[in-house]
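Chemist: Numbering (this note's numbering), first residue to last: 4 to 271.
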Ligand code: ATR
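1) So, residue 270 versus residue 235, is the Cβ gap smaller than 8 Å?
2) Is the CB-CB distance between residue 204 and residue 129 below 8 Å?
3) Report back the beta-carbon spacing between residue 198 and residue 225 to the nearest angstrom; my notes put them in contact at under 8 Å.
4) Can you check DSSP and say which residues form a bridge with residue 175?
5) Which partner residues of residue 63 appear in the DSSP bridge assignment?
6) Start and end of the beta strand (DSSP E) containing residue 16?
7) Does residue 97 pass the burial test, meaning 16 or more other C-beta atoms within 10 Å, or should it be called exposed?
8) Does the pairing of the stretch 110-120 with the stretch 67-81 give three or more beta-carbon distances under 8 Å?
9) Under 7 Å Cβ to Cβ from residue 244, same chain only, skipping five residues before and after it: list those, please.
10) Taking residue 177 as the reference, give the member of 170, 21, 248, 194 with the closest Cα.
11) Grab me the residues of residue 254's own chain with a C-beta within less than 7 Å of its C-beta, minus the 5 sequence neighbours each way, in chain order.
12) Go through the residues and name those whose CB comes closer than 5 Å to any heavy atom of ligand 1, in chain order.
13) Quick one, which of 241, 55, 246 has its alpha-carbon nearest residue 264's?
14) Three-state secondary structure (DSSP) at residue 215?
15) Please classify residue 20: is it buried, with 16 or more other beta-carbons within 10 angstroms of its beta-carbon, or exposed?
16) Check the C-beta distance from residue 103 over to residue 86 and give it rounded, since I have them as a contact under 8 Å.
17) Reducing DSSP to helix, strand and coil, say where residue 222 ends up.
18) What does the alpha-carbon distance come out to for the pair residue 155 and residue 186?
19) Using the rule of at least 16 other Cβ atoms within 10 Å of the residue's Cβ for burial, across every protein chain shown, is residue 147 buried or exposed?
20) Just how far apart, CA to CA, sit residue 122 and residue 142?
21) For residue 266 versus residue 72, is the C-beta spacing smaller than 8 Å?
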């Protein structure tokens, strides 16, 4: 029988993960099934336990369950600890292992696929919720000179910056960015859900700077359009990150790293 995996979230019907993992499995000759599970807001934990009892081998976890998955994991990885969130569960006998591949996915997409030069760069990270928390430490490991977290609610950005405990990191409100310039602006806010862009100054992208929206869509997102309109050398959306974080999960489960390029092409 094929090994079973699933993605759990709420809502879940638009998740591309089953398509991505099916493509990885075909490409690498792995015998596995990967399904979608609509998680219950009241009993996410019960849904996970049920999947384990049915013989499930692992799960991807998406909005809004990543923090609950972190609490459920018996053994969170260091990456999961730092993010306070889990997007990859592995069921190993009666142990539940938790990892977080979101940050690695972003860094691989930017650094390996698109060759952004992180070393010495000035990074602006927009938002201080789960999405930003998940990518903060992996971004810092790439060696930027400075990383500013800016959030609509300034106190949350300051709190996250303090938690980072790194002299290169600071936090502020969106309205405190006047006169600052960045080589990379990463959007981790939920503003795009309403077709909006965080209220940042028009001139905060340095000449030759890049923008990256962690969201993606069939049309360019509002933040991709912001980047294009403000002279970004590259204005990327989060499809590459999605495929790369999936590849990292696939590697954890199967020990084989799939080739992501053709899968991004297929989804475009
Ligand atoms: P997630 O876990 O997906 O990051 P979250 O924890 O609800 O979700 O965080 C959403 C982030 O998007 C927050 O940083 C939020 O800012 P606030 O902390 O001020 O709420 C940000 N956000 C949501 N809508 C926004 C908007 N229209 N403009 C700017 N920031 C927005």
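The beta carbon of each residue, even a glycine, is placed where N, CA and C say it ideally should be.
Modeler: By the coordinates alone:
1) What you label residue 270 is simply residue 267 of the chain shown in a count that begins at 1. What you label residue 235 is simply residue 232 of the chain shown in a count that begins at 1. The answer is no: Cβ separation not under 8 Å.
2) Residue mapping note: residue 204 aligns to position 201 of the chain shown, counting from 1. Residue mapping note: residue 129 aligns to position 126 of the chain shown, counting from 1. It is not a contact, given that the beta carbons lie outside the stated cut-off.
3) For the purposes of this step, residue 198 is identified with residue 195 of the chain shown, where counting begins at 1. For the purposes of this step, residue 225 is identified with residue 222 of the chain shown, where counting begins at 1. Indeed, because the Cβ distance is near 5 Å, the residues count as touching under 8 Å.
4) For the purposes of this step, residue 175 is identified with residue 172 of the chain shown, where counting begins at 1. Paired residue(s): 153.
5) Locating residue 63 in the chain shown gives position 60, counting from the first residue. Bridge partners of residue 63: 10, 91.
6) In the chain shown, residue 16 corresponds to position 13, counting from 1. No beta strand (DSSP E) contains residue 16, which DSSP labels as neither H nor E.
7) One-based indexing of the chain shown puts residue 97 at position 94. Classification for residue 97: exposed.
8) no
9) The residue you call residue 244 lines up with position 241 of the chain shown. So the qualifying residues of the chain are 108, 109, 112, 217.
10) Sequence index remark: in the chain shown, residue 177 carries index 174 (1-based). Closest in C-alpha terms to residue 177, from the list 170, 21, 248, 194, comes 194.
11) Position 251 of the chain shown, counting from 1, holds the residue named residue 254. Cβ neighbours of residue 254 beyond the five flanking positions: 260.
12) 130, 131, 132, 133, 134, 154, 155, 156, 159, 192, 193, 194, 199, 201
13) As a working mapping, residue 264 is identified with position 261 in the chain shown. It is 246.
14) The residue you call residue 215 lines up with position 212 of the chain shown. In this structure, residue 215 counts as strand in the three-state DSSP scheme.
15) As a working mapping, residue 20 is identified with position 17 in the chain shown. Result: buried.
16) What you label residue 103 is simply residue 100 of the chain shown in a count that begins at 1. What you label residue 86 is simply residue 83 of the chain shown in a count that begins at 1. Yes, residue 103 and residue 86 are in contact; Cβ-Cβ is about 4 Å, under 8 Å.
17) Taking the chain shown and counting its residues from 1, the one referred to as residue 222 is at position 219. Coil at residue 222, not helix or strand.
18) What you label residue 155 is simply residue 152 of the chain shown in a count that begins at 1. What you label residue 186 is simply residue 183 of the chain shown in a count that begins at 1. Cα to Cα, the separation comes out at about 21 Å.
19) The residue given as residue 147 occupies position 144 in the chain shown. Residue 147 is buried by the Cβ-count criterion.
20) Numbered from 1 along the chain shown, position 119 holds the residue referred to as residue 122. Numbered from 1 along the chain shown, position 139 holds the residue referred to as residue 142. Distance between the alpha carbons of residue 122 and residue 142: 10 Å.
21) Locating residue 266 in the chain shown gives position 263, where the first residue counts as 1. Locating residue 72 in the chain shown gives position 69, where the first residue counts as 1. For residue 266 and residue 72, no; Cβs fall outside 8 Å.
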